[in-house]
Amino acid sequence: MKQEMLTQENLDKLKDELEYLKTVKMAEVAEQIKEARSFGDLSENAEYDEAKNEQGRVNSRILELEQIIKHAVVITEDMYAADEISPGCRFRVLDIEMDEEEEYHFVGTQEIDPINNKISDESPFGKAMLGKKVGAIVDVETPSKDVIKFKVLEIIK
């Protein structure tokens, strides 16, 4: 599995979720299974089937979280120069052709939310912006192979 770039804040959230699932949620599911078994015939017991399905979902998420946490690399400020676009920072760019400004938040891979302009180095845009400085003109190739030019206006650490 590849490394997961995460902010410390997000890593802490994932650890909290893992702890909750292992303790509280698994106990709740075990209780649901126990209760459903008390209803008798398991072959036609929808409550039992649903509880077992929930147990599977929780176990899958636990395994996923354990892998993410195991391979996590915490993004720190000293990984990049202070004047470069890097994970954890916010930055403003100008789409030169459209003459529109946009602000982005460079996040770890588990925090990606393109609708809210949260990007990582896994996207072509994020990969192109990584390490750039204010004033840089950056060519970003779209999936359709068009090239869009952006100018870096501001980096907010």
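The sequence shown begins at 1485 in the working numbering and counts up one residue at a time. Idealized CB from N, CA, C, for every residue including glycine. Every value quoted in this text rests on a predicted model; they were computed, and no experiment measured them.
### Presumed contact (8 Å Cβ cut-off) between L1502 and L1547, rounded CB distance
Translated into positions along the sequence shown, residue 1502 becomes position 18. Translated into positions along the sequence shown, residue 1547 becomes position 63. Incorrect: roughly 10 Å between the Cβ atoms, too far for contact.
### Query
Could you give the uninterrupted runs of the alpha helix (DSSP H) lying entirely in the region 1496-1555, keeping only those of 4 residues or more?
1510-1521 and 1530-1554
### Task
To the nearest angstrom, report how far apart G1619 and H1589 are at their CA atoms.
Position 135 of the sequence shown, counted from the start, is the residue given in the question as residue 1619. Position 105 of the sequence shown, counted from the start, is the residue given in the question as residue 1589. About 18 Å.
### Query
Which two residues bound the contiguous alpha helix (DSSP H) that contains K1641?
Within the sequence shown, residue 1641 is the residue found at index 157, counting from 1. Note, K1641: premise wrong, no alpha helix (DSSP H); not H, not E.
### Query
If you run the structure through DSSP and keep just helix, strand and coil, what is E1581?
As a working mapping, residue 1581 is identified with position 97 in the sequence shown. Residue state, collapsed to three classes: coil.
### Task
Return the Cβ separation of L1490 and G1592 in integer angstroms, given the expectation that the two are a contact with Cβ distance under 8 Å.
As a first step, residue 1490 is located in the sequence shown; it is residue number 6 there, counting from the start. As a first step, residue 1592 is located in the sequence shown; it is residue number 108 there, counting from the start. That belief holds up - the Cβ atoms of L1490 and G1592 are roughly 4 Å apart, short of 8 Å.
### For M1489, the first and last residue of its enclosing beta strand (DSSP E)
Sequence index remark: in the sequence shown, residue 1489 carries index 5 (1-based). Unbroken beta strand (DSSP E) run through M1489: E1488 to L1490.
### Message
Run through the DSSP bridge pairs and tell me what F1609 is partnered with.
### Response
In the sequence shown, residue 1609 corresponds to position 125, counting from 1. DSSP, once it has assigned bridges, lists no residue as partnering F1609.
#### Entry: A1612 to I1553 span [Cα, whole Å]
Start at 1 with the first residue of the sequence shown, and residue 1612 comes out as number 128. Start at 1 with the first residue of the sequence shown, and residue 1553 comes out as number 69. Taking the CA atoms as reference points, A1612 sits about 27 Å from I1553.
#### Entry: Rounded C-alpha distance that separates S1527 from Q1594
Taking the sequence shown and counting its residues from 1, one reaches residue 1527 at position 43. Taking the sequence shown and counting its residues from 1, one reaches residue 1594 at position 110. Rounded to whole angstroms, S1527 to Q1594 spans 39 Å at the Cα level.
### Task
Thinking D1579 and E1586 are a contact (beta carbons under 8 Å), I'd like their distance in whole angstroms, please.
Within the sequence shown, numbered from 1, the residue matching residue 1579 stands at position 95. Within the sequence shown, numbered from 1, the residue matching residue 1586 stands at position 102. Sure, about 7 Å apart at Cβ, within 8 Å.
### Query
Buried or exposed: which applies to E1568, given that a residue is buried once 16 or more other Cβ atoms fall within 10 Å of its Cβ?
Working through the sequence shown from its first residue, we reach residue 1568 at position 84. Result: buried.
### Query
With a Cβ-Cβ cutoff of 8 Å, do I1517 and A1530 count as a contact?
As a working note, residue 1517 is residue 33 in the sequence shown. As a working note, residue 1530 is residue 46 in the sequence shown. No; because the gap between Cβ atoms is not below 8 Å, this pair is not in contact.
### Query
Thinking just about the alpha-carbon of each residue, which of R1545, G1610 and V1624 is nearest to the one in R1574?
Counting from 1 along the sequence shown, the entry for residue 1574 is found at position 90. Comparing alpha-carbon positions, the option among R1545, G1610 and V1624 lying closest to R1574 turns out to be G1610.
### Task
Tell me, to the nearest whole angstrom, how far the beta carbon of A1566 is from that of L1495; I am working on the premise that it is less than 8 Å.
Position 82 of the sequence shown, counted from the start, is the residue given in the question as residue 1566. Position 11 of the sequence shown, counted from the start, is the residue given in the question as residue 1495. Beta-carbon to beta-carbon, A1566 and L1495 are separated by about 22 Å, too far to satisfy the 8 Å threshold.
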